[in-house]
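Listed in order, the protein sequences are those of chains A and B. Counted the way our numbering counts, the first sequence spans residues 66 to 301. Counted the way our numbering counts, the second sequence spans residues 66 to 301. From the three backbone atoms N, C-alpha and C, an ideal C-beta is built for every residue, glycine too. Just so you know, these numbers come straight off a predicted model, no measurement behind them. Okay, structure first, notes after.
Protein chains: 2
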Amino acid sequence: MTATDAPSTSEETAAGGTWRDRAVERSLRNARAKAASRSDRFIRAASEIVSETGRTDFTVQTLIERSRSSLRSFYQHFSSKEELLLALFEEIIASSAAQWRAEIETLDDPLSGLHVLLERIHKESGATDGAGMNRALSVYHLELANNHPAEYARVLAPLRNLIFDLVQRGVADGSLRTDIRPETLAVITMQTLVGAAHMHALGAEPDGSPVDSERLWDFCLGGLTGPPRAPAGTPR
Amino acid sequence: MTATDAPSTSEETAAGGTWRDRAVERSLRNARAKAASRSDRFIRAASEIVSETGRTDFTVQTLIERSRSSLRSFYQHFSSKEELLLALFEEIIASSAAQWRAEIETLDDPLSGLHVLLERIHKESGATDGAGMNRALSVYHLELANNHPAEYARVLAPLRNLIFDLVQRGVADGSLRTDIRPETLAVITMQTLVGAAHMHALGAEPDGSPVDSERLWDFCLGGLTGPPRAPAGTPR
DNA sequence: CACTTTCGAGAATGACGTTCTCCGCCGCAA
DNA sequence: TTGCGGCGGAGAACGTCATTCTCGAAAGTG
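Below, the structure is given as structure tokens:
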């Protein structure tokens, strides 16, 4: 702690950091560069704290100590703590989505793309140590969904779009069902992925039922391609 | 508001109230009758407040005013506000699940049962007016999942068991896939249902993509029965 | 050097949850 | 009737936070 405000941000904090973490960090830094250097300090400090603790309930005091700044300037740049968190997670999601998109675009099968995406999301959310960011991200999703549903939908747009693009490609090449609008299919898929990631990240899965990413993928695949044939009857 | 503490609890608040709401209310009242009459007051008051406002962030002050009681006795019966909410939602979920189970057991096709269940959950969570309870329930799920994952899993058990039983029946009569353990299938299904209900309740669905219960069911059905045939390859 | 803008330090405020203290009230035994 | 033990009402007190406000001290500008 008390890191110099020099470049290297999180070499130590990203103890369990994978290459992906660092890549995300890097693109995050880019995004930051655009932002006013002032707000930057706060975002960076918040990012560090969240990465280390995996929680978003740090106090504003802690934040300003970490950012070597003052309450006054904090509230000069962000109208509230929530706004800061929103900004932080917006950046993270956007850059993660960009990251995933880049990785996935090298595959030509959209189903493989979805599978890979599912594994990324599920794995990252499951990282128990070091990558507290992912856990916090899951947790914060929920708070955000509660408090600002509209913002929530907006912030998740990059991920939704990524899934949507893959779904559309899948529809185009005939590997996905067409009896559900691709937009809807994408939203349902995203909800399923994100929901599962939440439970996984929180360890809220019941005892005897491990939801590993393969089973989850099998389930989604079924949902995405459609049932073998119309089974029994639909109720009234 | 300022309803008498007489019987009829939510006739007005349940403007969009279906018979089911009232049935749930009734069985809730039964459950209450068993509880110590003291704690009862608090649970009932909380239930009223939540039904009316659709939020769980009422202050303890409001609660004790409504329950015509005192802070002192509140903390004598519940160690914290959270514990109260937990108790309240445990009751609600348990009785709702019992209610649904009763309704569904009259159907002989397990798939129909799941379909009906999905519609119940989705509809109730979507009620925009009056039935604030359902909305609050969704919201509180999230908070609970965040703060006490273990309790969360426990409280949801009745619903999970209900789904599990249906899944097992479906497996038994050959209408559901067998390549995923029924426990896992049930958990995934529940996560999908509950997740969708959350988004629906919160209005957090993106603009152009209505996730109506039929589409959601189609998706789940696919996931539950399995893909038509193994399509393309799985990624590395 | 006056003058404005910027921002650090930190006190003040206001909401809440939670604890604590005082005291009346009710049932009960002698 | 009097004395007493405990339940529970009223509400003051405390601790933690987010958010605002106040006071100056640098730092750039003429």
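At a Cβ-Cβ threshold of 8 Å, Pro175/A and Arg234/A count as neighbours.
Rounded to the nearest angstrom, the gap between the Cα atoms of Asn199/B and Leu267/B is 10 Å. Its Cα nearest to that of Asp238/B, the residue Asp173/B stands out among Arg133/B, Arg120/B, Glu130/B, Asp173/B.
Taking a contact as a CB-CB distance under 8 Å, the pair Val259/B and His206/B counts as one, their CB atoms being some 7 Å apart. In the DSSP assignment, His265/A falls within the unbroken alpha helix (DSSP H) covering 247-267. Using beta-carbon distances, Glu270/A counts as an interface residue toward chain B, with a partner under 8 Å.
Counting only residues of its own chain and dropping the five nearest sequence neighbours on each side, Cys285/B has a CB closer than 7 Å to the CB of Leu183, Thr254, Thr257. Approximately 5 Å separates the beta-carbon atoms of Val115/A and Ala201/A; this is inside 8 Å, confirming the contact. Taking 8 Å as the cut-off, the beta carbon of Ser278/A is found closer than this to the beta carbon of Lys188/A.
Taken through DSSP and simplified to helix, strand or coil, Phe229/A comes out as helix. For the pair Ala162/B and Phe107/A, the Cα-to-Cα distance works out to about 46 Å. Less than 8 Å separates the beta-carbon of Leu209/B from that of Val220/B.
Below the 7 Å Cβ cutoff, chain A contributes Gly273, Ser274 as neighbours of Glu248/B, in chain order.
Per the C-alpha coordinates, the member of Ile186/B, Ser132/B, Ala218/B positioned closest to Ala262/B is Ile186/B.
Apart from the 5 residues on each side of it in sequence, Ser177/A has no Cβ closer than 6 Å to any other Cβ in its chain. Between Ala167/B and Tyr217/A, the gap from beta carbon to beta carbon reaches 8 Å or more. Nearest neighbour of Thr243/B by Cα position, chosen from Gly287/A, Glu155/A, Gly197/A, Ser190/A, turns out to be Gly287/A. Per DSSP, the unbroken alpha helix (DSSP H) holding Val204/A starts and ends at 197-212. The beta-carbon distance between Glu117/A and Gly197/A, rounded to whole angstroms, is 6 Å. This is short enough to meet the 8 Å contact definition. In chain order, Leu231 place their CB closer than 6 Å to the CB of Leu179/B, counting only its own chain and leaving out the 5 sequence neighbours on each side.
At a cut-off of 8 Å between beta-carbon atoms, Gly287/B makes contact with chain A. Of the other Cβ atoms in all chains shown, 16 or more fall within 10 Å of the Cβ of Ala110/B; this residue is therefore buried.
DSSP, read as helix, strand or coil, puts Phe154/B in helix. Contact annotation for Ile245/B against chain A: Arg280, Asp283, Phe284 [CB-CB distance below 8 Å, chain order]. Each residue's CA atom was taken as its position, placing Gln164/B and Pro214/A some 30 Å apart. The beta carbon of Leu281/A lies closer than 6 Å to those of Ala261 in the same chain, with the five residues before and after it left out. Contacts between Gly119/B and chain A, judged by CB atoms closer than 9 Å, are missing: the closest CB pair is about 12 Å apart. Contact note: Gly260/B reaches chain A through Gln256, Thr257, Gly260, using a C-beta cutoff of 7 Å and chain order.
Residue range 278-290 is occupied by the alpha helix (DSSP H) that includes Asp283/B.
In the three-state reduction of the DSSP assignment, Glu168/B falls in the helix class, which pools H, G and I. Separation of Arg137/B and Leu128/B (C-alpha to C-alpha, rounded to the nearest whole angstrom) is 12 Å. In the three-state reduction of the DSSP assignment, Thr127/B falls in the helix class. At the C-beta level, Thr124/A and Val204/A stay beyond 8 Å of one another.
For Val204/A, the neighbours in chain B by C-beta distance under 8 Å run, in chain order, Asn211. The alpha-carbon separation between Arg246/A and Leu227/B amounts to approximately 30 Å.
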